[in-house]
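Heads up: the structure comes next, in structure tokens.
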Amino acid sequence: MSGRRATSSTVHRRMLVLIVAAVLLSPASTRLSSSGEQDGQARTVPDLARAFEHTFSQILTPEEYELFTSRTPEEIKEIDGELYRKINQNVGRWTDDWILWAARNLDTVPEARLERAMATASRIDRLTRDYFEARGWSYRSLEVVFLPQRLFHDTHNRRAKIQGVFIPFYPEVFFSTVDPAAPLELILVHENIHYNKRGPSLGLPLNEGITETSARHIVRLHELLPGKVLRNFQAYPRERELVETIVQGITSRTGVDHDAALDLLLEAYLTGEQSGMERVFGTDSWTHVIEASRSEKKWHRLRRCVEEALE
Ligand SMILES: [Zn+2]
Numbered sequence: 001m002s003g004r005r006a007t008s009s010t011v012h013r014r015m016l017v018l019i020v021a022a023v024l025l026s027p028a029s030t031r032l033s034s035s036g037e038q039d040g041q042a043r044t045v046p047d048l049a050r051a052f053e054h055t056f057s058q059i060l061t062p063e064e065y066e067l068f069t070s071r072t073p074e075e076i077k078e079i080d081g082e083l084y085r086k087i088n089q090n091v092g093r094w095t096d097d098w099i100l101w102a103a104r105n106l107d108t109v110p111e112a113r114l115e116r117a118m119a120t121a122s123r124i125d126r127l128t129r130d131y132f133e134a135r136g137w138s139y140r141s142l143e144v145v146f147l148p149q150r151l152f153h154d155t156h157n158r159r160a161k162i163q164g165v166f167i168p169f170y171p172e173v174f175f176s177t178v179d180p181a182a183p184l185e186l187i188l189v190h191e192n193i194h195y196n197k198r199g200p201s202l203g204l205p206l207n208e209g210i211t212e213t214s215a216r217h218i219v220r221l222h223e224l225l226p227g228k229v230l231r232n233f234q235a236y237p238r239e240r241e242l243v244e245t246i247v248q249g250i251t252s253r254t255g256v257d258h259d260a261a262l263d264l265l266l267e268a269y270l271t272g273e274q275s276g277m278e279r280v281f282g283t284d285s286w287t288h289v290i291e292a293s294r295s296e297k298k299w300h301r302l303r304r305c306v307e308e309a310l311e
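Residue numbering for the sequence shown is 1 to 311, as defined by the working numbering.
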């Protein structure tokens with residue numbers, strides 16, 4: 001985990017690159033100027049991500065742009081690997097350069113605060129790696145770049161409190177506020193788990209429920225946070241409740257304990273390999289649960305499918 005992009009030494013070395021990027025990003029200026037930026041440069045990470053869309057409308061062919069706007073990054077990777085690489089490389093370069101520009105022109109994290117955050121990130125990385133490797137799961141380190149909170153203000157949605165983002169088409173780096181309202185340790189374990197998912201999405205409720213429940217389990221196991229802090233911070237309560245119901249179902253059917261049951265579910269999420277869960281609940285029942293999770297905003301159906309699987 002390097003996260004060193006925002007430090008001053010690299011800023012100086014990469015200034016030349018930055019000037020090139022400012023030109024490349026300039027097509028976004030006409031649209032961005034209406035949301036309050038004076039010189040066409042995005043002021044926040046959400047604005048930066050939006051600016052890419054406009055820039056790509058200028059540099060991709062109409063067919064490529066159609067794919068870019070209508071498919072997910074994962075789908076584009078499947079359909080047109082070359083196009084994915086092109087978008088990924090551009091987004092990565094523009095983002096890195098904007099981070100350097102923002103450090104010089106907008107705001108920086110005080111050096112001591114940055115060092116503390118990076119020490120936390122590398123400790124969390126090591127513990128998550130240990131957890132994965134002890135279970136024979138492959139693990140990749142996620143790079144974390146810490147930025148000042150004000151760079152996360154979303155000018156299009158002022159009430160949104162963004163703690164960190166993955167920029168679409170640039171999944172290699174997690175951009176985190178250095179002063180999150182949520183406990184940083186929990187956020188980082190959570191994002192490390194997401195980053196190591198190799199299988200297809202299980203739908204938002206299962207994705208977030210499994211990830212947050214497992215993140216809290218790892219945090220508790222290593223006593224990374226006081227119990228009170230963990231209890232007072234409630235993320236995805238509905239999704240976690242659903243996951244606990246599934247975990248209890250695994251426990252009562254197989255006789256394994258709670259933590260082993262949660263690992264079984266986490267492994268299915270990470271690898272995309274559902275045969276273990278299908279053996280526990282039956283192929284049809286488990287397939288219905290995943291389908292209900294993927295069809296968003298249908299909680300009743302999802303709860304019913306889980307209940308049926310447990311019968
Ligand atoms: Zn998440």
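Heads up, the beta-carbon is just placed ideally off N, CA and C, and yes, glycines get one too.
No experiment lies behind these values; they were computed from the predicted model shown.
Nearest residue (CA-CA) to residue i, options the options
{"i": "I167", "options": "S176, R159, K161, A160", "result": "S176"}
{"i": "N196", "options": "P46, W98, T271, V45", "result": "T271"}
{"i": "E278", "options": "K86, H156, P237, I246", "result": "I246"}
{"i": "S57", "options": "T69, G209, Y170", "result": "T69"}
{"i": "A292", "options": "L302, W286, L67", "result": "L302"}
{"i": "A42", "options": "W286, T95, G209", "result": "T95"}
{"i": "E80", "options": "Q89, V91, N90, E64", "result": "Here the sequence assigns Asp to residue 80, which means Glu is not the residue at that position. D80 has its Cα closest to that of E64, out of Q89, V91, N90, E64."}
{"i": "S252", "options": "S201, E311, V229", "result": "E311"}
{"i": "F169", "options": "R50, R220, P148, D284", "result": "R50"}
{"i": "G282", "options": "L230, V306, E75", "result": "V306"}
Neighbourhood of residue i by C-beta distance below 6 Å, restricted to the same chain and skipping five residues each side
{"i": "A112", "result": "none"}
{"i": "P46", "result": "D154"}
{"i": "A117", "result": "F146, V178"}
{"i": "R294", "result": "G203"}
{"i": "K77", "result": "Y84"}
{"i": "Q149", "result": "T177, D179"}
CA-to-CA distance, residue j to residue i, given in whole angstroms
{"i": "L142", "j": "E172", "result": "7 Å"}
{"i": "T120", "j": "I187", "result": "11 Å"}
{"i": "N157", "j": "R93", "result": "26 Å"}
{"i": "I218", "j": "L206", "result": "18 Å"}
{"i": "N139", "j": "E133", "result": "Contrary to the premise, residue 139 reads as Tyr rather than Asn in this sequence. The alpha-carbon atoms of Y139 and E133 are separated by roughly 7 Å."}
{"i": "R85", "j": "V243", "result": "35 Å"}
{"i": "W286", "j": "T213", "result": "19 Å"}
{"i": "N88", "j": "H194", "result": "19 Å"}
{"i": "H258", "j": "F174", "result": "30 Å"}
{"i": "E53", "j": "L67", "result": "12 Å"}
{"i": "I290", "j": "E239", "result": "13 Å"}
{"i": "V23", "j": "A102", "result": "Reliability of the predicted coordinates at V23 is poor, the pLDDT of 32 falling under 50, and the value obtained from them is presented with this limitation in mind. In a straight line, the C-alpha of V23 is about 15 Å away from that of A102."}
{"i": "S201", "j": "L100", "result": "33 Å"}
{"i": "S29", "j": "T55", "result": "In this prediction, S29 has a pLDDT of 35, which is less than 50 and means its spatial position is unreliable; nothing more can be read from the coordinates."}
{"i": "L60", "j": "T72", "result": "16 Å"}
Delimiting residues of the alpha helix (DSSP H) encompassing residue i
{"i": "E115", "result": "111-134"}
{"i": "Y170", "result": "No alpha helix (DSSP H) holds Y170; the beta strand (DSSP E) holding it covers 170-177."}
{"i": "E239", "result": "237-254"}
{"i": "E291", "result": "283-294"}
{"i": "L106", "result": "Where L106 is concerned, there is no enclosing alpha helix (DSSP H), given that its DSSP letter is neither H nor E."}
{"i": "T213", "result": "204-221"}
{"i": "A260", "result": "258-271"}
Residue-level contact to chain C via CB, residue i, 8 Å cutoff
{"i": "E82", "result": "Looking at the structure shown, chain C is missing, and only one protein chain is on hand."}
Neighbourhood of residue i by C-beta distance below 8 Å, restricted to the same chain and skipping five residues each side
{"i": "G276", "result": "L264, E267, A268"}
{"i": "Q163", "result": "F152, S176, T177, P180, A181, A182, I187"}
{"i": "Y236", "result": "E208, G209, E212"}
Range covered by the beta strand (DSSP E) that runs through residue i
{"i": "I167", "result": "164-167"}
{"i": "L147", "result": "143-147"}
Contacting residues, own chain, Cβ-Cβ under 7 Å from residue i (five flanking each side not counted)
{"i": "L262", "result": "T213, S214, H217, V247"}
{"i": "H222", "result": "L127"}
Continuous beta strand (DSSP E) assignments of at least 3 residues falling wholly in the region 34-97: none
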